[in-house]
Amino acid sequence: TTSSWDFMGLKEGKKTNRNPTVESDTIIGVIDSGITPESQSFSDKGFGPPPEKWKGVCSGGENFTCNNKLIGARDYTNSGTRDTEGHGTHTASTAAGNAVADTSFFGIGNGTVRGGVPASRIAAYKACNATGCGMEALLSAFDDAIADGVDLITISIGGESAHSFETDSIAIGTFHAMANGILTVSSAGNSGPEDSTVCAVAPWILTVAATTTNRGFVTKVVLGNGKTLVGKSVNAFDMKGQKYPIVYGKSAASSVCEAENAALCEPECLEASLVKGKILVCASTKGLKVAESVGAIALIFKSLKPDVAFIHPLPASGLPEKDFDSLVSYIESTESPSAAILKTEEIFNRTSPLVGSFSSRGPNTIAVDILKPDITAPGVEILAAFSPDGELSQGDTRHVKYSVLSGTSMSCPHVAGVAAYVKTFYPKWSPSMIQSAIMTTAWPVNATGTGIASTEFAFGAGHVDPIAASNPGLVYELDKTDHIAFLCGMNYTSKILRIISDETVTCSEDKEISPRNLNYPSMTARLSVPHSNFTVTFNRTLTNVGPSSSTYKSKVVAGHRSNLNVNVTPSVLSFKEVNEKQSFRVTVTGSDLDSKLPSSAYLIWSDGTHNVRSPIVVYTG
Amino acid sequence: TEDSQEKQVYIVYMGSLPSRVDYTPMSHHMSILQEITGESSIEGRLVRNYKRSFNGFAARLTESERERVAEMDGVVSVFPNKKLQLQ
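Chains as they are written, first to last, in our numbering: chain A, 39 to 659; chain B, 2 to 88.
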């Protein structure tokens, strides 16, 4: 990507501390729509042979060749590993693409595009095509990726809601990845801003929401009266500032449609002779499908997602409702309304990071005491490698090597890149240690909005910070046994868990195996009924991964709508050696919880250098 | 009547690969399918084997076959194959 790594502080070249030998030995498995092997982002110039641990193959089909950067390819779609969607190429390059200078989308977003760990290797597992991603194919991809010897898996795939773990192919695949020491990073989903939509909910997955960076794209609309409206799109078409007549859909209704439907630009509702050569104005995004067929030269539409710029097949700009209403007023009060749609400009987003409206929100509907998503990362207007075979937008005839996409698919490989970066400093760390390092060092997100869209259910522990994550001080560790105990607490039987783990399992009746006591880097409790007064406890253990002798003091800071009283026992933890563990208990009391929104606070363990921060979230409903 | 029932792809999840050395997952999967379907040749039924990192398979089954597989020892879950989406 051309700006997001800078935004997060992972600067190019010598400005960032790296461990190039280990980075080069790190293999990222990308389960997606395939990859474009010829992309400069995956050139193997300067790369030596694959690491000795690599046990995979290059089985990409006809006209598909791996190299020392793209070391593995498998296909589960019967169409070869070549990416014809663009999505897999984009995610792979975001995580681990080479640095490629002077890259842009027709001049937009120009810069040096690069992944988080440019020296790392990539193995592509194609489980998706234009119709989607079969669960059976996804499981095969996990089955192979784990056995092939990847170090990390990134998967930007999901459904519209969560499934119980035993019927969720991604939860199953990631469980076995975790059991084999492989961290999986997954997208949270694109079903926001409604609550309970996050789809990757297992605690052995690092689940990522999507936020803006400080670089945004806007497309201005200059009206005939001189007024400028600021819309969103990625518009590479240069209309040279010339103004054209504009026509509102409802003024161009065909004889078979009501004006209301024509205003929305429903198919078959527009009279081409009234639109031809003009800028069409539509009160919905439906105009994107019909504008060109009725001869419009450009489109202005009311956007359902006015916080995100998308690519369209013709000059276009999406306006928020208020500006759209202003445009309609202008049209209706002017005899010959006209406008110009300008080429997209880059802006400095002062308010970033903000969670994208599309990003799926918690709470977790399966494991209600586990906060999901875990973390947020750049996922809005991300420029990265693309497949020349991919369609930029429906009906678009242009073909590019780099493109702009938005989604939790884009944020997920950012965190995978950070996980790989952290792993280069600590190659022996378990998945949970990497996950903890990333979560406890996250930036606080400024939740300025209202409703569930701007709570911890939107951004988890906060925004990923790659540099801080590489020096967390303390980590919350979990292993397979802990997750099995957690599943006991989720009422899975000992018999089933023995089959899942191939180990003897005896689930006890002990309250201590409550899912709330999983040694997770966040602490969440759902109270089943609204309580006037409540007390909940969380047991946790921290492992010292910083200086051998260190003393951490606890501090609790208020979160959003915080009416929580938090007591930490003991309040000071003293470590005398590396890898030493210390346990503590958090007791949260309060009353009168909001019935719709979570209450939160943050526990911070600090030694003056490291700040190990965990969200504490209590909710009801 | 069994033949006339509509078949769909189900995923049969069987947990970790057993650690005993004589276990061969593909043979086990095929014997399960043969037992459930009563067919000696399961070509056209078996969609995928999971055998390298965990245990299971995907196969075309009728609803009644799905129910019988789900009751078998060593089977954690049987669930319909669905399409997920790039995000």
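Glycine included, each C-beta is placed from N, C-alpha and C at the ideal position. From a predicted model like this one, the values you see are computed outputs, not experimental measurements.
DSSP bridge partner residues for residue i (one or two, in chain order)
i                 : result
VAL563 of chain A : Looking at the sequence provided, one finds Ala at residue 563 of chain A rather than Val. In DSSP, ALA563 of chain A forms a bridge with A:VAL656.
GLN9 of chain B   : B:LEU62
ALA354 of chain A : A:LEU337
GLU383 of chain A : A:VAL256
TRP481 of chain A : A:HIS501
SER532 of chain A : DSSP output for SER532 of chain A lists no bridge partner at all.
LEU556 of chain A : Partner(s): none; LEU556 of chain A has no beta bridge.
Residue environment, residue i, which counts as buried when at least 16 other CB atoms sit within 10 Å
i                 : result
ASN557 of chain A : buried
THR2 of chain B   : With a pLDDT of 48 at THR2 of chain B, under the threshold of 50, the predicted position of this residue should be treated as unreliable, though the coordinate-derived value follows. Exposed is the call here.
SER3 of chain A   : No information on residue 3 of chain A is available, as it lies outside the stretch 39 to 659 that chain A covers here.
MET73 of chain B  : exposed
VAL616 of chain A : exposed
THR225 of chain A : Correcting the residue identity first, residue 225 of chain A is Ser in this sequence and not Thr. The residue is buried, with at least 16 neighbouring Cβ atoms inside 10 Å.
ILE385 of chain A : exposed
ALA596 of chain A : exposed
LYS83 of chain A  : exposed
GLU64 of chain B  : exposed
LYS614 of chain A : exposed
ARG388 of chain A : exposed
ASP189 of chain A : buried
ASP632 of chain A : exposed
ASP548 of chain A : exposed
ALA217 of chain A : buried
ASN263 of chain A : exposed
ALA162 of chain A : buried
LEU352 of chain A : buried
ILE233 of chain A : Checking the sequence, you will find Asp at residue 233 of chain A rather than Ile. It counts as buried.
LYS360 of chain A : exposed
TYR24 of chain B  : exposed
Integer Cβ distance of residue i from residue j, believed to fall under 8 Å
i                 : j                 : result
SER441 of chain A : LEU430 of chain A : 6 Å
THR493 of chain A : LEU641 of chain A : The Cβ separation is near 17 Å, so there is no contact.
GLY135 of chain A : ASP113 of chain A : Not confirmed; about 21 Å, so no contact.
ILE284 of chain A : SER355 of chain A : The Cβ separation is near 12 Å, so there is no contact.
ALA639 of chain A : VAL604 of chain A : 5 Å
VAL48 of chain B  : VAL10 of chain B  : 5 Å
SER158 of chain A : GLU61 of chain A  : 6 Å
VAL656 of chain A : LEU602 of chain A : 6 Å
THR647 of chain A : ARG56 of chain A  : Not confirmed; about 21 Å, so no contact.
MET27 of chain B  : ILE537 of chain A : In fact, because the Cβ distance is near 18 Å, the residues do not count as touching under 8 Å.
SER42 of chain B  : ASP540 of chain A : Between ASP540 of chain A and SER42 of chain B the Cβ distance is about 31 Å, and since that is not below 8 Å, they are no contact.
SER398 of chain A : GLY230 of chain A : 5 Å
ALA290 of chain A : GLU309 of chain A : 5 Å
THR250 of chain A : LEU342 of chain A : About 17 Å separates the two Cβ atoms, so there is no contact after all.
TYR51 of chain B  : GLY57 of chain B  : 4 Å
Partners in chain A for residue i, counting only beta-carbon separations shorter than 8 Å
i                : result
VAL77 of chain B : GLU204, ILE534, ILE537 and ILE538
LEU18 of chain B : ASP540
Chain-ordered chain B contacts of residue i [CB-CB under 8 Å]
i                 : result
ASN228 of chain A : GLN88
GLU123 of chain A : LEU87
HIS214 of chain A : SER17, SER54 and PHE55
ASN116 of chain A : What ASN116 of chain A touches in chain B: nothing, since even the nearest Cβ is about 12 Å away.
Interface partners of residue i on chain B, CB under 7 Å
i                 : result
MET173 of chain A : ILE12, ASN82, LYS83 and LEU85
GLY445 of chain A : GLN88
CYS166 of chain A : LEU87
ALA185 of chain A : ARG53 and SER54
ASN218 of chain A : SER54
SER225 of chain A : GLN88
Partners in chain B for residue i, counting only beta-carbon separations shorter than 9 Å
i                 : result
LEU177 of chain A : ILE12, TYR14, ARG49, TYR51, PHE55, GLY57 and ALA59
PHE424 of chain A : Going along chain B, no residue has its Cβ under 9 Å from PHE424 of chain A, so there is no contact; the nearest lies around 13 Å.
ASN529 of chain A : The premise fails here: ASN529 of chain A is roughly 14 Å from chain B at the closest Cβ pair, so nothing lies under 9 Å.
PHE362 of chain A : Ordered by position in chain B, no residue passes the 9 Å Cβ test against PHE362 of chain A, which lies about 27 Å from the chain.
ILE207 of chain A : Checking the displayed sequence, the identity of residue 207 of chain A turns out to be Ser instead of Ile. Within chain B, the residues near SER207 of chain A are ILE12, TYR14, PHE80, ASN82, LYS83 and LEU85.
ILE195 of chain A : LEU85, GLN86, LEU87 and GLN88
GLY433 of chain A : By Cβ distance, chain B contributes nothing, its closest Cβ being about 19 Å from GLY433 of chain A, past 9 Å.
ASP182 of chain A : ARG53 and SER54
Original post:
Okay, do the stretch 414-432 of chain A and the stretch 510-518 of chain A touch, 3+ Cβ pairs below 8 Å being the bar?
Top reply: No: fewer than three Cβ pairs fall under 8 Å.
Original post:
If we count Cβ pairs, one from each stretch, closer than 8 Å, do we get three or more for the stretch 230-245 of chain A versus the stretch 200-220 of chain A?
Top reply: Contact holds: three or more Cβ-Cβ distances are below 8 Å.
Original post:
Should the stretch 392-404 of chain A be regarded as contacting the stretch 193-207 of chain A, the criterion being three or more beta carbon pairs within less than 8 Å?
Top reply: Touching, yes.
Original post:
Given 8 Å as the limit, is there contact between the stretch 71-81 of chain A and the stretch 125-132 of chain A, that is, 3 or more CB pairs closer than that?
Top reply: Taking a contact to require three or more Cβ pairs closer than 8 Å, the stretch 71-81 of chain A and the stretch 125-132 of chain A qualify as touching.
Original post:
Just checking, does the stretch 446-460 of chain A make contact with the stretch 410-421 of chain A on the three C-beta pairs under 8 Å criterion?
Top reply: Verdict: yes, contact present.
Original post:
Are at least three pairs of beta-carbons, each pair with one atom in the stretch 170-188 of chain A and one in the stretch 75-85 of chain B, less than 8 Å apart?
Top reply: With a cut-off of 8 Å on Cβ pairs, the stretch 170-188 of chain A is in contact with the stretch 75-85 of chain B, counting three or more such pairs.
**OP:** May I ask you to verify whether the stretch 513-530 of chain A touches the stretch 497-504 of chain A, counting CB pairs closer than 8 Å and requiring at least 3?
**Re:** As far as the Cβ criterion goes, the stretch 513-530 of chain A does not touch the stretch 497-504 of chain A, which means the pair count is below three.
**OP:** State whether the stretch 522-530 of chain A contacts the stretch 173-192 of chain A, with contact taken as three or more CB pairs (one from each stretch) at a distance under 8 Å.
**Re:** No: fewer than three Cβ pairs fall under 8 Å.
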